[in-house]
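K.L.:
Before I ask anything, let me first share the structure, which is written out below as structure tokens.
Residue numbers (the working numbering): 13 to 191.
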């Protein structure tokens with residue numbers, strides 16, 4: 013890599029690109045909230061105000077959304093966003109966009125740890141930052157993007173010898189996505 017261009021500057025630029033792709037007009041695009049997004053937003057609001065989900069369950073670990081029980085992680089994660097921003101599309105979608113952006117950084121760390129090549133890690137991070145799949149799920153209240161963050165973080169921590177923290181990260185992934 014050219015000595016004048018610092019890897020941290022490049023990674024920062026890649027992360028800023030990823031952040032802008034994930035947050036630019038996030039409240040307006042995609043248009044309207046899909047059913048899962050509306051349910052997550054309402055449940056976050058209900059949990060904030062009453063401690064109960066839409067079905068009247070007190071602090072549930074899983075929430076029944078349209079006949080399937082989903083882990084409640086995103087609902088709880090969304091509470092501070094709804095409290096500060098109000099019950100709207102921005103508050104519901106922003107956590108996924110921020111975790112999608114953070115995934116770019118942990119992906120860089122994972123690739124650098126695996127291959128010991130900074131340029132490869134930067135390229136991999138760039139490709140994730142502009143990946144249409146990852147950008148799309150990061151913009152649409154996707155629990156899977158948050159689970160992916162915790163799986164990649166856990167893998168990096170495990171490879172770095174931080175086994176207890178890695179285990180916590182892997183467990184956290186189950187709070188956001190079920191197979």
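All residues carry an ideal CB built from backbone N, CA and C; glycine is no exception.
(1) Are the Cβ atoms of residue 161 and residue 118 separated by less than 8 Å?
(2) If the criterion is Cβ atoms closer than 8 Å, does the pair residue 80 and residue 67 meet it?
(3) How long is the line joining the alpha carbons of residue 84 and residue 131, rounded to whole angstroms?
(4) Do residue 124 and residue 114 have their beta-carbon atoms positioned less than 8 Å apart in this structure?
(5) What does the alpha-carbon distance come out to for the pair residue 170 and residue 163?
(6) For a minimum of 4 consecutive residues, which ranges assigned as the alpha helix (DSSP H) are wholly contained in the stretch 38 to 104?
(7) Give me the residue from 47, 52, 135 and 60 with the minimum Cα distance to residue 96.
(8) Have a look at residue 102 and residue 72 and give me their C-alpha separation to the nearest angstrom.
(9) Pick from 89, 106 and 49: whose alpha carbon is nearest that of residue 38?
(10) Distance, Cα to Cα, residue 23 vs residue 116?
(11) Below 7 Å, is the gap between the Cβ of residue 23 and the nearest heavy atom of the ligand NAD?
(12) I'd like the span of the alpha helix (DSSP H) that includes residue 146, first residue to last.
P.N.:
Reading it off the structure:
(1) In the chain shown, residue 161 corresponds to position 149, counting from 1. In the chain shown, residue 118 corresponds to position 106, counting from 1. A contact, by the Cβ cut-off of 8 Å.
(2) Along the chain shown, read from residue 1 onward, the residue named residue 80 stands at position 68. Along the chain shown, read from residue 1 onward, the residue named residue 67 stands at position 55. For residue 80 and residue 67, no; Cβs fall outside 8 Å.
(3) Here residue 84 corresponds to residue number 72 of the chain shown, with the count starting at 1. Here residue 131 corresponds to residue number 119 of the chain shown, with the count starting at 1. Going from the Cα of residue 84 to the Cα of residue 131 covers about 38 Å.
(4) Within the chain shown, numbered from 1, the residue matching residue 114 stands at position 102. Within the chain shown, numbered from 1, the residue matching residue 124 stands at position 112. Contact flag unset, no.
(5) Walking along the chain shown from the start, residue 170 turns up at place 158. Walking along the chain shown from the start, residue 163 turns up at place 151. Rounded to the nearest angstrom, the two C-alpha atoms are 10 Å apart.
(6) Counting whole runs of 4 or more residues, the stretch 38 to 104 contains the alpha helix (DSSP H) stretches 47 to 62 and 85 to 97.
(7) Counting from 1 along the chain shown, the entry for residue 96 is found at position 84. Of 47, 52, 135 and 60, the residue nearest in Cα terms is 60.
(8) As a position in the chain shown, residue 102 is number 90, starting the count at 1. As a position in the chain shown, residue 72 is number 60, starting the count at 1. Whole-angstrom Cα-Cα distance: 24 Å.
(9) Sequence index remark: in the chain shown, residue 38 carries index 26 (1-based). Among 89, 106 and 49, the Cα nearest to that of residue 38 belongs to 106.
(10) Mapped onto the chain shown, residue 23 falls at position 11. Mapped onto the chain shown, residue 116 falls at position 104. Going by the C-alpha atoms only, they are around 9 Å apart.
(11) The ligand NAD is absent from the structure shown, which contains no ligands of any kind.
(12) Position 134 of the chain shown, counting from 1, holds the residue named residue 146. It spans 144 to 151 - the alpha helix (DSSP H) in which residue 146 sits, taken as one unbroken run.
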